[in-house]
Amino acid sequence: MSQDGQDHQDPQNIAWSIVSYLLSGILVWGGVGWLLDRWIGSSPVFTVIGILGGCGLGIYLGYMRFTRP
Amino acid sequence: MTAIALAAGALPAGTGTHTILAEEFHAPGLGLFEWEPLFNIGPVGVTKPMVLAVVLSGLLIAFFWAAFRRPQIVPRGVQNVGEVGYLFIRDDIARNIIGKKGDQYVPLLFALFFFIWTFNLASVIPIAQFPVTSRFGYPAVLAAIVYVTWVGVGIKAHGLGGFFKAQIPTGLPKAIYPLIIPIEYASNLIVRPFTHSVRLFANMFAGHLLIALFAITAWHFLVEQPTVLGFGVGIIGVLMTIVMTAFELLIQALQAFIFTLLAASYIGSALEEAH
Amino acid sequence: MSVLAEVTGSIGSVGYGLAAIGPGIGIGIVFGLGVQAIARQPEAYNLIFRNMILGFAFAEALALIGLVMPFVYGT
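Protein chains in written order, with this note's numbering: chain A, 308 to 376; chain B, 23 to 297; chain C, 61 to 135.
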């Protein structure tokens, strides 16, 4: 980003970005699942699916963004 | 509050009944961070953290004013110390992370680092002994300032549509985009200022709570209710208070540094969002 | 039969505390072995770092799910 020869972002920044992606994935898709639960009225099935799915998507996004050259 | 109670008659008969009551030892809780107003200015109650914030800000401003009042090419006296602080921010943080064009953000980063570090240091200064940044309002406002800065800088550099488009990652299969884009926006625009402020707040909150817990342990078991068995616990309390204070000195400086580093990183990535 | 010991109060926080043990150890192992690998062969830094970040993401995911679950099943 600034000087040549440095990897494209500071390692600490990457680590916090991954935590942020995981948290946002959980919150966004867990939230969508929770709203779906309130609309349909089932027990927290969709909330849990949303949380796990959001977690997986967050991992996928972090993997695509930071671990490929 | 979680409590653990042991029934008095549960031990085998040979040991004799000895009830350990958790209620006699009052561990510090959230009340440690609530303050009654010292005095009132009109409708506003002025509490100890507010007084500390004003006094420490005044001291900081006075120090750096004295350092940079008449700057000379060959620095003398206080200007030496001021220059060490300024060059640390300009070289190791701004130019390292943002590059040469980060020079115009050095005043913001300089103010952030030294204010946060001084507010953190108030935890170990004898009469003050309360880290001002452990009240969530202070890190929240500082993170909000950084948020407004980097969003504004990004919009000014790329235009409104360009700023939002530059955050979308490239190279993903097309079908995944509707699932990924909300995560990306939520992560950058909503979770980022939250983690930025909560990191500083939680570190200072936990550190203050730990030091208070060990100090209260030492006081309770050595002075208030000394018993033969409790004496060892009191000595451990004294030692752990010293250890935690030393650890807190490290954490205070580190958290101020990380906050400023991340602020510079957000501004830098807003200026160069080309992936 | 009388109650010998009980835990009252917020069991969600106790649950999160227990849930954070595993990821804490896991992240420590990932980064510890990653740093050792970088020390043994500094030329492979980029490769090792990318894999280290991947391992960190998986371990951290469990910690964050542990953080959120008490709110889902909370009483």
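Glycine residues also receive a C-beta, built at the ideal position from the N, C-alpha and C atoms.
Check each candidate in the options and name the one with the smallest Cα separation from residue i.
{"i": "E105/B", "options": "A89/B, I202/B, N118/B, I120/B", "result": "A89/B"}
{"i": "W87/B", "options": "F61/B, V103/B, L52/B, I167/B", "result": "V103/B"}
{"i": "P59/B", "options": "T69/B, A234/B, P65/B", "result": "T69/B"}
{"i": "I333/A", "options": "V90/C, P130/C, I125/C, A97/C", "result": "I125/C"}
{"i": "V132/C", "options": "W341/A, F373/A, L364/A", "result": "W341/A"}
{"i": "V163/B", "options": "V245/B, L293/B, L222/B", "result": "L222/B"}
{"i": "V326/A", "options": "M371/A, D317/A, G365/A", "result": "G365/A"}
{"i": "G53/B", "options": "F152/B, G121/B, P93/B", "result": "F152/B"}
{"i": "K178/B", "options": "V73/B, L293/B, F158/B, G121/B", "result": "L293/B"}
{"i": "R92/B", "options": "F137/B, F85/B, Q101/B", "result": "Q101/B"}
{"i": "A275/B", "options": "P50/B, D125/B, I257/B, I138/B", "result": "I138/B"}
{"i": "I202/B", "options": "V335/A, W323/A, S324/A, Q319/A", "result": "V335/A"}
{"i": "I167/B", "options": "L81/B, G229/B, A133/B, F47/B", "result": "A133/B"}
{"i": "L74/B", "options": "Y160/B, G193/B, W172/B, P97/B", "result": "Y160/B"}
{"i": "S145/B", "options": "G252/B, A234/B, L261/B", "result": "A234/B"}
{"i": "R110/C", "options": "A119/C, G94/C, A99/C", "result": "G94/C"}
Between residue i and residue j, what straight-line distance do the alpha-carbon atoms span, to the nearest angstrom?
{"i": "I273/B", "j": "N225/B", "result": "8 angstroms"}
{"i": "I321/A", "j": "L271/B", "result": "26 angstroms"}
{"i": "D311/A", "j": "H242/B", "result": "Model confidence at D311/A stands at a pLDDT of 34, short of 50, so the residue's coordinates are unreliable and nothing is read from them."}
{"i": "P34/B", "j": "V63/C", "result": "In this prediction, P34/B has a pLDDT of 47, which is less than 50 and means its spatial position is unreliable; nothing more can be read from the coordinates."}
{"i": "E197/B", "j": "F116/C", "result": "Looking at the sequence shown, residue 197/B is not Glu but Ala. So the alpha carbons of these two residues sit roughly 26 angstroms apart."}
{"i": "V352/A", "j": "D344/A", "result": "7 angstroms"}
{"i": "I280/B", "j": "L232/B", "result": "21 angstroms"}
{"i": "Y367/A", "j": "G174/B", "result": "29 angstroms"}
{"i": "I81/C", "j": "E103/C", "result": "33 angstroms"}
{"i": "T267/B", "j": "K123/B", "result": "39 angstroms"}
{"i": "Q96/C", "j": "A123/C", "result": "24 angstroms"}
{"i": "F135/B", "j": "Q277/B", "result": "9 angstroms"}
{"i": "G254/B", "j": "T239/B", "result": "11 angstroms"}
{"i": "R157/B", "j": "F185/B", "result": "33 angstroms"}
{"i": "D317/A", "j": "S291/B", "result": "11 angstroms"}
{"i": "V250/B", "j": "F236/B", "result": "19 angstroms"}
{"i": "Q319/A", "j": "T282/B", "result": "13 angstroms"}
{"i": "P195/B", "j": "G84/C", "result": "33 angstroms"}
{"i": "I258/B", "j": "S350/A", "result": "48 angstroms"}
{"i": "E206/B", "j": "I95/B", "result": "48 angstroms"}
Return helix, strand or coil for residue i, following the three-state DSSP convention.
{"i": "A65/C", "result": "strand"}
{"i": "Q313/A", "result": "Unreliable placement is indicated for Q313/A, whose pLDDT of 39 sits below 50; no coordinate value is reported for it."}
{"i": "V46/B", "result": "Reading off the sequence shown, one finds Glu at residue 46/B, where the question assumed Val. Correct three-state label for E46/B: coil."}
{"i": "Q97/B", "result": "A quick correction: the sequence has Pro, not Gln, at residue 97/B. The answer is coil: DSSP assigns P97/B none of H, G, I, E or B."}
{"i": "G357/A", "result": "helix"}
{"i": "T282/B", "result": "helix"}
{"i": "Q126/B", "result": "helix"}
{"i": "Q277/B", "result": "helix"}
{"i": "Y133/C", "result": "coil"}
{"i": "A35/B", "result": "The predicted position of A35/B is uncertain, since its pLDDT is 47 and thus under 50; no value can be drawn from it."}
{"i": "F373/A", "result": "helix"}
{"i": "E294/B", "result": "coil"}
{"i": "T24/B", "result": "At T24/B, the pLDDT of 45 sits below 50, so the modelled position is not reliable; the number obtained from the coordinates is stated separately. Three-state DSSP puts T24/B in coil, outside helix and strand."}
{"i": "I71/C", "result": "helix"}
{"i": "Q319/A", "result": "helix"}
How would you list, in chain order, the residues of chain A whose beta-carbon sits under 7 angstroms from the beta-carbon of residue i?
{"i": "I83/B", "result": "Simply none; closest approach about 30 angstroms."}
Under 8 angstroms Cβ-Cβ, which residues of chain A neighbour residue i?
{"i": "E120/C", "result": "I325, V326, L329"}
{"i": "R214/B", "result": "S327"}
{"i": "R100/C", "result": "Residues of chain A passing the Cβ test: none, with the nearest at roughly 18 angstroms."}
So with CB distances below 7 angstroms, who are the chain B contacts of residue i?
{"i": "V335/A", "result": "P204, I205, A208"}
{"i": "G332/A", "result": "I205"}
Answer yes or no: does any C-beta atom of chain D fall closer than 8 angstroms to that of residue i?
{"i": "P200/B", "result": "Among the chains of the structure shown, chain D does not appear; the protein chains present are A, B and C."}
Residues of chain C with CB under 7 angstroms from residue i, in chain order?
{"i": "V355/A", "result": "V132"}
What residues of chain B sit near residue i, judged by a beta carbon separation below 8 angstroms?
{"i": "G340/A", "result": "Those do not exist, as G340/A stays about 13 angstroms from chain B at its closest Cβ, beyond 8 angstroms."}
How would you list, in chain order, the residues of chain B whose beta-carbon sits under 9 angstroms from the beta-carbon of residue i?
{"i": "L364/A", "result": "I198, L201, I202, I205"}
Indicate, with yes or no, if the ligand NAP has a heavy atom lying under 7 angstroms from the CB of residue i.
{"i": "I289/B", "result": "You won't find the ligand NAP in this model; it holds no ligand whatsoever."}
Next on the checklist: Which runs of the beta strand (DSSP E) at least 3 residues long sit entirely within the segment 53-77 of chain B? Give them in chain order.
Outcome noted: 61-63, 66-68
Checklist entry - Which parts of the segment 182-212 of chain B are runs of the alpha helix (DSSP H), unbroken and 4 residues or longer, counting only runs that do not cross its ends? => result 182-187, 199-207
Next on the checklist: Extract the residue ranges of the beta strand (DSSP E) inside the segment 137-168 of chain B, only unbroken runs of 3 or more that lie entirely within it.
Outcome noted: none
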